[in-house]
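Residue numbers (my numbering): 139 to 878. Take a look at the structure below.
Rendered as structure tokens:
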């Protein structure tokens, strides 16, 4: 009887036997090949699947080492294999002149590395310097064992080359997804999920029905603005019937014009005609995802379907009702995936197997980037734009960038050397009509004089009609103003990231309740917030005050004022307030504030009134002026990213394209969660995030924060925490910790 070889060790405590090497290799070869071949309808010159098959065939070759087999067979217990199992596969592939396959196998645990750095190592390209000599001596015997166990072999290099880093990421994605799935399936952590049918045509009909019903209902309500309802209907029809080409489009449409459903109608039609696999909806912030998901689940889910399986909500706070829904979301396998811009674009930039595992699902997808003006930092857009163009040209993706204050960044030389003509879904005449309506709804004004005293500012605010919204540039400033107003007896609410997500949710619901038509008489109150309410929130205030920040932010806040043109004499103010030990500034807004002031002084904002310029034109002009004042910092970072991507320096690209700074730490603020962790109770990451705030690492030693003894890099709050109003700023406003 021939000896059995193992790829993964047994778990007798779970009654799981060892994973046979021959079974694992044959499955990973089959699965990775299938995943790669599924891309063929979306790319004309797709490289042969032999490339991913060869990488899959040899990816675990080193596990056949006899020392490793002692652990993998269960003979010895050890958390780690004694011999690096990756090196043998790399050696076998290099001997066959399969450079790309070797590079991918080398990365299948540690992540994609820098191609140039590895090439500089000469004969140690992708090799383990500590064991390569021993592996070289043993490689033929390992290949013989492999051949007898699997009957799978691959010959010399067949001429496969990759023209871009994205193509290499996609091949890597197919391998690691197959490897991770087969391993997890053996250990009973994952199982195969049947694909949910796309049914694009049926979903488009369902969306038509949903939109028509809402339109008819609006006509029955005498309090609704009929002209606005009719305009929404026109925009929906225009987007739905827009040309399918080119494959990158814009949708410049004001707030409240129905972009959520109008762009979806266009993408459903594109997906149907081009037989696409997925539709992605990309939103800037986690806190606005749920309301879009609710709309789509109400409108697009067909009878007998599980809404979670059809419309996946994917972000760090979401909870799933079952394994199937979680799997479909986390691996981008649902027909429609709603996620954040950070998660979507950082996946594109990533080099790690856990992040890139799902990436091969992106080709053959339609992508709706909503609130695109705030989706990414400006320095990220040049590379993101190149990826979008590559995905649209080479991988049959279709993109729509939508915003009421769309920045046409691709028109700047700093962003794109080619002058791309990107047409809008909405015809120019209809766009002008919607902008005319928008200008009747709200026009930003600037309060020229800086407020020197907080009392003066509060008096100015409270003399304006309510309900009122104040948006500040920092968490501390918002908390100070909210607390001061409350102490003076004003009716005030507060919303910022000083509150844990679990506490922000009921506050948002209460704000919506107070703003509803049923509470018209409840108008003498103020919400003090940070930019977390700036985009996507379905709020409609009478008056808003935005601390001077940027032109796109100011226009975006306009979407929280007189949202449905239901209020008369609505106002939006840009203002400045003197900084002191209580009111602090955000240094990153220094340049955009200067540009915003210049736009007011030059009369550019005034041109909105006469419709001489659209919000998009003014935002684009503002971005141009920002770049002119940026002291080349922007250009330098753009060039760094471009250089790293072109040279396939994958770790550097991932590092440079990190949108959310890793310099913040999770700090748990809920006492019951803190005690559960101290007692050793296992909690999901989502549960921890919901009950935590994020605080800059350099502030930790100045705040009432302690680190869990058993969990390094996880912290908890020991100061005062107010779940209904100020959050962790309750401690700061007691005068002890004004360092935030």
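The beta-carbon is built from N, C-alpha and C at its ideal position, and this holds for glycine as well.
Problem set entry | beta strand (DSSP E) runs contained entirely in the stretch 809-850, provided each spans 3 or more residues | Those beta strand (DSSP E) runs which fall completely within the stretch 809-850 and span 3+ residues are 830-834 and 843-845.
Exercise. Taking just the CA atoms, how far does residue 780 sit from residue 789?
Worked result: Sequence index remark: in the chain shown, residue 789 carries index 651 (1-based). Sequence index remark: in the chain shown, residue 780 carries index 642 (1-based). Distance between the alpha carbons of residue 789 and residue 780: 13 Å.
Exercise. In the stretch 364-388, which residue ranges form an unbroken alpha helix (DSSP H) of at least 4 residues, counting only runs that do not cross its ends?
Worked result: 364-378
For this session: Report the option in 340, 282, 679 and 659 whose CA atom is closest to the CA atom of residue 649.
Result: Here residue 649 refers to the residue found at position 511 of the chain shown. Of 340, 282, 679 and 659, the residue nearest in Cα terms is 679.
For this session: Using three-state DSSP, classify residue 81 as helix, strand or coil.
Result: Given that the chain is displayed from residue 139 to residue 878, the structure contains no residue 81 and the question cannot be resolved.
Problem set entry | Straight-line gap, residue 878 to residue 720 (C-alpha atoms, nearest Å) | By 1-based counting over the chain shown, the position of residue 878 is 740. By 1-based counting over the chain shown, the position of residue 720 is 582. Here residue 878 scores only 42 on pLDDT, less than 50, and its place in the model is too uncertain to base an answer on.
Problem set entry | Same chain, Cβ closer than 7 Å to residue 510, five either side skipped, listed in chain order | Locating residue 510 in the chain shown gives position 372, counting from the first residue. These residues qualify, in order along the chain: 539, 540, 541 and 544.
Exercise. Taking Cβ to Cβ, would you say residue 198 is nearer than 8 Å to residue 163?
Worked result: Locating residue 198 in the chain shown gives position 60, where the first residue counts as 1. Locating residue 163 in the chain shown gives position 25, where the first residue counts as 1. For residue 198 and residue 163, yes; Cβs fall inside 8 Å.
For this session: Use the C-beta contact count for residue 156: other C-beta atoms within 10 angstroms, 16 or more gives buried, fewer gives exposed.
Result: Sequence index remark: in the chain shown, residue 156 carries index 18 (1-based). Buried, by the Cβ-count rule.
Problem set entry | From 628, 828, 675 and 615, residue whose alpha carbon lies closest to that of residue 597 | Within the chain shown, the letter at position 459 stands for residue 597. When each option's Cα is compared against that of residue 597, the closest is 628.
Exercise. Rounded to a whole number of angstroms, what is the C-alpha to C-alpha distance between residue 856 and residue 724?
Worked result: Sequence index remark: in the chain shown, residue 856 carries index 718 (1-based). Sequence index remark: in the chain shown, residue 724 carries index 586 (1-based). The alpha-carbon atoms of residue 856 and residue 724 are separated by roughly 26 Å.
Problem set entry | Among 173, 300 and 862, the one whose alpha carbon lies nearest that of residue 621 | Counting from 1 along the chain shown, the entry for residue 621 is found at position 483. Nearest of 173, 300 and 862 to residue 621, Cα basis: 862.
Exercise. Count the other CB atoms within 10 Å of the CB of residue 507; is the residue buried (16 or more) or exposed (fewer)?
Worked result: Within the chain shown, numbered from 1, the residue matching residue 507 stands at position 369. Buried, by the Cβ-count rule.
Problem set entry | Contiguous beta strand (DSSP E) assignments of at least 3 residues, all confined to the stretch 579-656 | 582-584, 606-609 and 630-633
Exercise. Using 8 Å as the threshold, is the stretch 280-293 in touch with the stretch 349-356, meaning 3 or more CB pairs across them?
Worked result: no
Exercise. Expressed to the nearest angstrom, what Euclidean distance is found between the alpha-carbon atoms of residue 708 and residue 599?
Worked result: Numbered from 1 along the chain shown, position 570 holds the residue referred to as residue 708. Numbered from 1 along the chain shown, position 461 holds the residue referred to as residue 599. Residue 708 and residue 599: Cα-Cα distance of roughly 13 Å.
Problem set entry | Buried versus exposed call for residue 364 [16 or more other C-beta atoms within 10 Å across all chains shown] | To locate residue 364, count along the chain shown from 1; it is residue 226. Under this definition residue 364 is an exposed residue.
Problem set entry | Enclosing alpha helix (DSSP H) for residue 246 [first to last residue] | As a first step, residue 246 is located in the chain shown; it is residue number 108 there, counting from the start. Residue 246 -> alpha helix (DSSP H) spans 237-248.
For this session: Out of 405, 489 and 705, point me to the one whose CA is closest to residue 308's CA.
Result: Within the chain shown, numbered from 1, the residue matching residue 308 stands at position 170. Residue 308 has its Cα closest to that of 489, out of 405, 489 and 705.
For this session: In the DSSP assignment, find the alpha helix (DSSP H) that holds residue 772 and state where it starts and stops.
Result: Taking the first residue of the chain shown as position 1, residue 772 is located at position 634. Looking at the DSSP string, the run of the alpha helix (DSSP H) that includes residue 772 is 771-784.
For this session: Using 10 angstroms around the beta-carbon of residue 201, count the other beta-carbons present and answer buried if the total reaches 16, otherwise exposed.
Result: For this step, residue 201 is matched to residue 63 along the chain shown. When all chains shown are included, residue 201 counts as buried.
Exercise. Taking the alpha carbon of residue 328 as the point to measure from, which residue in 318, 334 and 555 has its own alpha carbon closest?
Worked result: Taking the first residue of the chain shown as 1, we reach residue 328 at position 190. Ranking the options by Cα distance to residue 328, first place goes to 318.
For this session: Taking all protein chains shown into account, decide if residue 828 is buried (16 or more other Cβ within 10 angstroms of its Cβ) or exposed.
Result: Numbered from its first residue, the chain shown carries residue 828 at position 690. With 16 or more Cβ atoms within 10 Å of its Cβ, residue 828 is classed as buried.
Exercise. Can residue 244 and residue 224 be called in contact, C-beta distance under 8 Å?
Worked result: Indexing the chain shown from 1 puts residue 244 at position 106. Indexing the chain shown from 1 puts residue 224 at position 86. Cβ atoms of residue 244 and residue 224: closer than 8 Å.
Problem set entry | For residue 500 and residue 193, the rounded distance between their alpha carbons | Residue mapping note: residue 193 aligns to position 55 of the chain shown, counting from 1. Residue mapping note: residue 500 aligns to position 362 of the chain shown, counting from 1. Straight-line Cα distance between these residues: approximately 21 Å.
For this session: Return helix, strand or coil for residue 504, following the three-state DSSP convention.
Result: Within the chain shown, residue 504 is the residue found at index 366, counting from 1. Residue 504 falls in the strand class under three-state DSSP.
For this session: For residue 692, I'd like the list of residues in its chain whose CB is within less than 7 Å of its CB, leaving aside the five on either flank, ordered along the chain.
Result: Within the chain shown, numbered from 1, the residue matching residue 692 stands at position 554. Correct list, in chain order: 582, 684, 712 and 734.
Exercise. If you drop the 5 nearest sequence neighbours on each side, which residues of the same chain put their C-beta closer than 8 Å to that of residue 641?
Worked result: Translated into positions along the chain shown, residue 641 becomes position 503. Cβ neighbours of residue 641 beyond the five flanking positions: 861, 862 and 865.
Problem set entry | Exposure of residue 258, with buried meaning 16 or more beta-carbon neighbours within 10 Å | On the chain shown, position 120 is the one that residue 258 refers to. It counts as exposed.
Exercise. Would you call the stretch 205-214 and the stretch 179-189 touching, i.e. three or more CB-CB distances under 8 Å?
Worked result: Touching, no, given that fewer than three Cβ pairs across the two stretches are closer than 8 Å.
Problem set entry | C-alpha distance - residue 443 paired with residue 676, whole-angstrom precision | Here residue 443 refers to the residue found at position 305 when the chain shown is read from its first residue. Here residue 676 refers to the residue found at position 538 when the chain shown is read from its first residue. Residue 443 and residue 676: Cα-Cα distance of roughly 28 Å.
Exercise. Does the beta-carbon distance from residue 666 to residue 608 come in below 8 Å?
Worked result: The count along the chain shown starts at 1 and reaches residue 666 at position 528. The count along the chain shown starts at 1 and reaches residue 608 at position 470. Yes.
Exercise. Which residue from 263, 153 and 158 puts its Cα closest to that of residue 141?
Worked result: The sequence position of residue 141 within the chain shown is 3, counting from 1. When only C-alpha atoms are compared, the closest one is 158.
Exercise. Under 8 Å between the Cβ atoms of residue 113 and residue 503?
Worked result: Nothing can be reported for residue 113: it is not among the residues displayed for the chain, which extend from 139 to 878.
Exercise. Using 8 Å as the threshold, is the stretch 376-396 in touch with the stretch 443-452, meaning 3 or more CB pairs across them?
Worked result: no
Problem set entry | CA nearest to the CA of residue 687, picked from 775, 611, 740 and 521 | On the chain shown, position 549 is the one that residue 687 refers to. The shortest Cα separation from residue 687 among 775, 611, 740 and 521 belongs to 611.
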